[in-house]
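Undergrad:
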Amino acid sequence: MKLRSSLGPLAALALLGALAAGCSSGGGHAEIVIGEYGSLTGSDATFGQSTKMGVELALTELGQNQGGKIGGLPVRIVSEDDQGKPEEAANAVQKLLNQDQVVAVIGEVASSRSLAAAPICQQAGVPMVSPSSTNPKVTEVGDDIFRMCFIDPFQGTVMARFARTNLGLKKVAILKDIKSDYSVGLAQYFTDAFTKGGGTIVAEQAYTAGDQEFSAQLTAIKAHHPDAIFIPGYYTEVGLIGRKARELGIDVPLLGGDGWESEQLLAIGGDALNGSYYSNHFAVDNPDPRLQGFLARFKAKFGKEPDAIGGLAYDAANVIFGCMQKLAASDPAAFAGLSSTKAGTPERKAAEAKLRDLIAATSAYPGVTGVITLDSHRNATKPAVVLEIKGGKKVYNTTINP
Amino acid sequence: MSEFLQQLVNGVTWGSVYALIALGYTMVYGILRLINFAHGDIYMLGAFIGLYTSNWLRAGEAPSPAKAIAVLLTSMAACALIGMLIERLAYKPVRRSPRLSALITAIGVSLLLENGGALLFGADPKFFPQLIPSHNIALGMGVTLSNQQLIVLVVSVVLMTLLRLLVLHTRVGKAMQAVSHNHMAASLMGISVDRIITFTFMIGSALAAAAGVLVALQSPKIEPYMGIMPGLKAFVAAVLGGIGNIPGAVVGGLVMGVAEVLVTGYLSPTYRDAIAFVLLIVILLVRPAGIFGKAVTEKV
Numbered sequence: 001m002k003l004r005s006s007l008g009p010l011a012a013l014a015l016l017g018a019l020a021a022g023c024s025s026g027g028g029h030a031e032i033v034i035g036e037y038g039s040l041t042g043s044d045a046t047f048g049q050s051t052k053m054g055v056e057l058a059l060t061e062l063g064q065n066q067g068g069k070i071g072g073l074p075v076r077i078v079s080e081d082d083q084g085k086p087e088e089a090a091n092a093v094q095k096l097l098n099q100d101q102v103v104a105v106i107g108e109v110a111s112s113r114s115l116a117a118a119p120i121c122q123q124a125g126v127p128m129v130s131p132s133s134t135n136p137k138v139t140e141v142g143d144d145i146f147r148m149c150f151i152d153p154f155q156g157t158v159m160a161r162f163a164r165t166n167l168g169l170k171k172v173a174i175l176k177d178i179k180s181d182y183s184v185g186l187a188q189y190f191t192d193a194f195t196k197g198g199g200t201i202v203a204e205q206a207y208t209a210g211d212q213e214f215s216a217q218l219t220a221i222k223a224h225h226p227d228a229i230f231i232p233g234y235y236t237e238v239g240l241i242g243r244k245a246r247e248l249g250i251d252v253p254l255l256g257g258d259g260w261e262s263e264q265l266l267a268i269g270g271d272a273l274n275g276s277y278y279s280n281h282f283a284v285d286n287p288d289p290r291l292q293g294f295l296a297r298f299k300a301k302f303g304k305e306p307d308a309i310g311g312l313a314y315d316a317a318n319v320i321f322g323c324m325q326k327l328a329a330s331d332p333a334a335f336a337g338l339s340s341t342k343a344g345t346p347e348r349k350a351a352e353a354k355l356r357d358l359i360a361a362t363s364a365y366p367g368v369t370g371v372i373t374l375d376s377h378r379n380a381t382k383p384a385v386v387l388e389i390k391g392g393k394k395v396y397n398t399t400i401n402p
Numbered sequence: 403m404s405e406f407l408q409q410l411v412n413g414v415t416w417g418s419v420y421a422l423i424a425l426g427y428t429m430v431y432g433i434l435r436l437i438n439f440a441h442g443d444i445y446m447l448g449a450f451i452g453l454y455t456s457n458w459l460r461a462g463e464a465p466s467p468a469k470a471i472a473v474l475l476t477s478m479a480a481c482a483l484i485g486m487l488i489e490r491l492a493y494k495p496v497r498r499s500p501r502l503s504a505l506i507t508a509i510g511v512s513l514l515l516e517n518g519g520a521l522l523f524g525a526d527p528k529f530f531p532q533l534i535p536s537h538n539i540a541l542g543m544g545v546t547l548s549n550q551q552l553i554v555l556v557v558s559v560v561l562m563t564l565l566r567l568l569v570l571h572t573r574v575g576k577a578m579q580a581v582s583h584n585h586m587a588a589s590l591m592g593i594s595v596d597r598i599i600t601f602t603f604m605i606g607s608a609l610a611a612a613a614g615v616l617v618a619l620q621s622p623k624i625e626p627y628m629g630i631m632p633g634l635k636a637f638v639a640a641v642l643g644g645i646g647n648i649p650g651a652v653v654g655g656l657v658m659g660v661a662e663v664l665v666t667g668y669l670s671p672t673y674r675d676a677i678a679f680v681l682l683i684v685i686l687l688v689r690p691a692g693i694f695g696k697a698v699t700e701k702v
């Protein structure tokens, strides 16, 4: 008894010592750690999976080109799953910042989740690059938040213009996800542009992500005899809504935004989505050699074709790598602050601020999703493409410039 | 008018699914006075077993009615077995303990099935193959019914009728009624109470599995947490109809389905989940025993 009681505290002390040693040895190994978070699981899981693959491909290529090092330091990416929930996105980013002490963060796709995580990065002064969140509020959080894609006021206009001019539609109904910042915002921008163009919104209905049953909303919409239904949601619900609409005898085209972009869209919706259109960041049948090269490399690594979400993540990772390289070349002393050994020091703060300025100055970067120039609001200005779903395939229809 | 009729058709189809789940709640409550919170998760397991069976039968690639029936029956049989195991392993050991223990056990089983499901099947949604190609049937007055909705309705009605025949006209059914009145008296009459309780769980679980497959048929997204909300709502439906009362569960389910669809169609989908619980509060205030329930005076 005596022995055990005296050994207990000793063992605890030894354990603490081991832990402390573990920490300091981790700090001794100099590297650059970049965080990535996304929905690897959950109802829009392909968003997070594509993002992760895009970032991984960029890292693999960094390994092939420069031995995986920037300025002599090896680069490591830490990925976190947020399960498709905003509160988990906030937790994931807290973990990346506090435990992994990352120097930059890549993510998210869904605007609601980017909005949950952005204030945390802003407060920590760590640059966050969202590859594909299109809601304008995301970068309005602060000057540490960037994005690689266009924003919804533009995307809404694109689809409104396409519906009004290219398809010649007059009456459109809207079915939006009322709990998603992305969906509510995009519906509003579409409505503004479409009514300004002389069209009318004949019905507006809503659902919430995770719903299983859409017949009530679609029946209400059907009574207004619209020429098309605009569904600015994410692919899972869009697929289910498409099927239900056809079952209820609604045969008009469905329109949507980049939230439709997933390999799962057609697996869920099947034939029901034929004749529908959505706006996207790229079309895989664009002959641009930069894009085609990326598609081939992605396919060689992962055995499947990437979606635009993966392309934007690849661009986001490369923009961050490029800015770090610039910093290493122009100001090696400041660059040293990005090393994991400098976590929590004033040098790290100074280096992060310099990295932030370099990202903000991104101009005419030749990305696979188009040329990326960040404006003063840290948004990229890029053309959007409209894809048509035809015979179970996504086919390029037109490009609409800003 | 045609819109309203269409909404009613939608509501009745959706409600018949709630009715199937509510039957399991009400049967178990009738016999054990236990609210089996794991019941919604049996519905989820039913959908997943249906998914794996149809993948195994390649029912998605070459759909046929025979395969669809096989999927439905396999799922019902497997869930009946799971229901039996849950009863034997989780509920039977606490049957003589206070009722609260059994209730907490039920919540535990529910969490186990949900998170076990997430571990086993993965947390991201799976998609049910189309077992039956869908087409529309025009009912006149602008109302359409898809063949899948029709199947849901027909299968539900057939299962509910079979259940009624079973309970009212077979020896087992009469034994179930006896057990629901009084365990002790039933066992004195030579009824094996344990066996009847297990049987009740099996029937209830099979009905939940059928509901899972039927829902997946029309709305193919299935995931390990899909049983939580329908389970809660079916429970409300059972209370609405008078918990412990079999026709009450059916009526409660239908009322719930129609109410949800009408609220979504004419007000806002944000009230969809609220309406179930508003109905619960109203019924508890106005008629605490439920629509068909008999008020019981308890001696204190």
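Protein chains in written order, with my numbering: chain D, 1 to 402; chain G, 403 to 702. All residues carry an ideal CB built from backbone N, CA and C; glycine is no exception. Just so it is clear, the structure is predicted and the values come from calculations on it, not from any experiment.
Name the residues in the stretch 507-529 of chain G whose C-beta lies less than 9 Å from a C-beta of chain D; which are they?
TA: Per Cβ criterion, the list reads A520, G524, A525, D526, P527 and F529.
Undergrad: Do we get a CB-CB distance below 9 Å when we pair S477(G) with the residues of chain D?
TA: Taking the first residue of the second sequence as 1, we reach residue 477(G) at position 75. Not one chain D Cβ lies under 9 Å of S477(G).
Undergrad: Rank Q325(D), T369(D), V395(D) and G270(D) by C-alpha distance to the C-alpha of G293(D) and give the top, closest one.
TA: Locating residue 293(D) in the first sequence gives position 293, where the first residue counts as 1. Nearest option by C-alpha distance: T369(D).
Undergrad: Keeping to the same chain, check which residues put their C-beta closer than 7 Å to that of D100(D); ignore five residues upstream and five downstream.
TA: Here residue 100(D) is taken as the residue at index 100 of the first sequence, counted from 1. These residues qualify, in order along the chain: V33, G35 and V78.
Undergrad: Return yes when the Cβ of S112(D) is within less than 9 Å of the Cβ of D181(D), no when it is not.
TA: As a first step, residue 181(D) is located in the first sequence; it is residue number 181 there, counting from the start. As a first step, residue 112(D) is located in the first sequence; it is residue number 112 there, counting from the start. For D181(D) and S112(D), yes; Cβs fall inside 9 Å.
Undergrad: Among residues of its own chain, excluding the 5 on either side of G8(D), which ones have a beta-carbon nearer than 7 Å to its beta-carbon?
TA: Start at 1 with the first residue of the first sequence, and residue 8(D) comes out as number 8. With a pLDDT of only 49 at G8(D), under the threshold of 50, the placement of this residue in the model should not be trusted; the figure read from the coordinates follows. None.
Undergrad: Could you tell me whether the Cβ atoms of T195(D) and K171(D) are closer together than 9 Å?
TA: Within the first sequence, the letter at position 195 stands for residue 195(D). Within the first sequence, the letter at position 171 stands for residue 171(D). No, the pair does not count as a contact, with Cβ atoms beyond the cut-off.
Undergrad: Grab the span of the beta strand (DSSP E) containing Q205(D) for me, first residue to last.
TA: Stepping through the first sequence from its first residue, residue 205(D) is reached at position 205. From DSSP, the beta strand (DSSP E) with Q205(D) extends over T200 to Y207.
Undergrad: Measuring alpha carbon to alpha carbon, tell me which residue in L564(G), S594(G), I593(G) and K623(G) is nearest F606(G).
TA: Looking up residue 606(G) in the second sequence gives position 204. Sequence inspection shows Gly at residue 606(G); the Phe mentioned does not correspond to that position. Closest by alpha carbon: L564(G).
Undergrad: Give the straight-line distance between the Cα atoms of V395(D) and I599(G), rounded to the nearest whole angstrom.
TA: As a working note, residue 395(D) is residue 395 in the first sequence. As a working note, residue 599(G) is residue 197 in the second sequence. For V395(D) and I599(G), the distance between alpha carbons rounds to 58 Å.
Undergrad: Can F679(G) and G442(G) be called in contact, C-beta distance under 9 Å?
TA: In the second sequence, counting from the first residue as 1, residue 679(G) sits at position 277. In the second sequence, counting from the first residue as 1, residue 442(G) sits at position 40. No. Outside cutoff.
Undergrad: When the Cα atoms are used, what is the spatial distance from T572(G) to M578(G)?
TA: Stepping through the second sequence from its first residue, residue 572(G) is reached at position 170. Stepping through the second sequence from its first residue, residue 578(G) is reached at position 176. Taking the straight line from one Cα to the other gives about 10 Å.
Undergrad: Note down, in chain order, every chain D residue with its Cβ under 7 Å from the Cβ of S621(G).
TA: In the second sequence, counting from the first residue as 1, residue 621(G) sits at position 219. Correct list: Q212, E213 and L240.
Undergrad: According to the neighbour-count rule (16 or more other Cβ atoms, all chains shown, within 10 Å of its Cβ), is P332(D) buried or exposed?
TA: Within the first sequence, residue 332(D) is the residue found at index 332, counting from 1. Exposed: under 16 other Cβ atoms inside 10 Å.
Undergrad: I174(D) and A203(D): beta carbons closer than 9 Å?
TA: The sequence position of residue 174(D) within the first sequence is 174, counting from 1. The sequence position of residue 203(D) within the first sequence is 203, counting from 1. Their beta carbons are under 9 Å apart, which means I174(D) touches A203(D) by this criterion.
Undergrad: Could you give the C-beta distance for G646(G) and T428(G), rounded to a whole number, given that I count them as a contact under 8 Å?
TA: Taking the second sequence and counting its residues from 1, the one referred to as residue 646(G) is at position 244. Taking the second sequence and counting its residues from 1, the one referred to as residue 428(G) is at position 26. So it is a contact: roughly 6 Å between Cβ atoms.
Undergrad: Let me see if you follow: with CB-CB separation under 9 Å, is G392(D) close to chain G or not?
TA: Mapped onto the first sequence, residue 392(D) falls at position 392. Judged by the 9 Å Cβ criterion, G392(D) is not in contact with chain G.
Undergrad: Any Cβ of chain G within less than 9 Å of the Cβ of Y234(D)?
TA: Taking the first residue of the first sequence as 1, we reach residue 234(D) at position 234. No, Y234(D) lies away from the interface with chain G (no Cβ there is under 9 Å from its Cβ).
Undergrad: Within 10 angstroms of its Cβ, does L291(D) collect 16 or more other Cβ (buried), or is it exposed?
TA: For the purposes of this step, residue 291(D) is identified with residue 291 of the first sequence, where counting begins at 1. L291(D) is buried by the Cβ-count criterion.
Undergrad: Please tell me whether G442(G) has its Cβ less than 9 Å away from any Cβ of chain D.
TA: Taking the first residue of the second sequence as 1, we reach residue 442(G) at position 40. Cβ-Cβ to chain D under 9 Å: no for G442(G).
Undergrad: In this structure, how does DSSP classify L407(G) when only helix, strand and coil are distinguished?
TA: Here residue 407(G) is taken as the residue at index 5 of the second sequence, counted from 1. Helix, per DSSP.
Undergrad: Under 9 Å between C-beta atoms, does M628(G) make it to chain D?
TA: Along the second sequence, read from residue 1 onward, the residue named residue 628(G) stands at position 226. Judged by the 9 Å Cβ criterion, M628(G) is in contact with chain D.
Undergrad: Pairs of beta-carbons, one from the stretch 212-226 of chain D and one from the stretch 236-249 of chain D, closer than 8 Å: are there three or more?
TA: These segments touch.
Undergrad: Using a Cβ cut-off of 9 Å (strictly closer), state whether A540(G) contacts chain D.
TA: The sequence position of residue 540(G) within the second sequence is 138, counting from 1. It does; some Cβ of chain D falls within 9 Å.
Undergrad: Please state the DSSP three-state secondary structure of S466(G).
TA: Taking the second sequence and counting its residues from 1, the one referred to as residue 466(G) is at position 64. Here S466(G) sits in coil by DSSP.
Undergrad: Between Y431(G) and I437(G), what straight-line distance do the alpha-carbon atoms span, to the nearest angstrom?
TA: The residue given as residue 431(G) occupies position 29 in the second sequence. The residue given as residue 437(G) occupies position 35 in the second sequence. Rounded to whole angstroms, Y431(G) to I437(G) spans 6 Å at the Cα level.
Undergrad: Since V141(D) and A118(D) should fall inside the 8 Å C-beta cutoff, what is the C-beta to C-beta distance between them, to a whole number of angstroms?
TA: Residue 141(D) sits at position 141 when you count from the first residue of the first sequence. Residue 118(D) sits at position 118 when you count from the first residue of the first sequence. With a Cβ gap of about 4 Å, V141(D) and A118(D) count as contacting.
Undergrad: Any beta carbon of chain D sitting closer than 9 Å to that of L422(G)?
TA: One-based indexing of the second sequence puts residue 422(G) at position 20. By this cut-off, L422(G) is not an interface position.
Undergrad: Is the beta carbon of M562(G) sitting closer than 9 Å to the one on A421(G)?
TA: Locating residue 562(G) in the second sequence gives position 160, counting from the first residue. Locating residue 421(G) in the second sequence gives position 19, counting from the first residue. Yes, Cβ-Cβ distance for M562(G) and A421(G) is below 9 Å.
Undergrad: For S404(G) and M631(G), I'd like the C-alpha separation in whole angstroms.
TA: In the second sequence, the residue the question calls residue 404(G) occupies position 2. In the second sequence, the residue the question calls residue 631(G) occupies position 229. Taking the straight line from one Cα to the other gives about 30 Å.
Undergrad: Residues of chain D with CB under 8 Å from S536(G), in chain order?
TA: Walking along the second sequence from the start, residue 536(G) turns up at place 134. Those within 8 Å of S536(G) in chain D are R243, R246 and E247.
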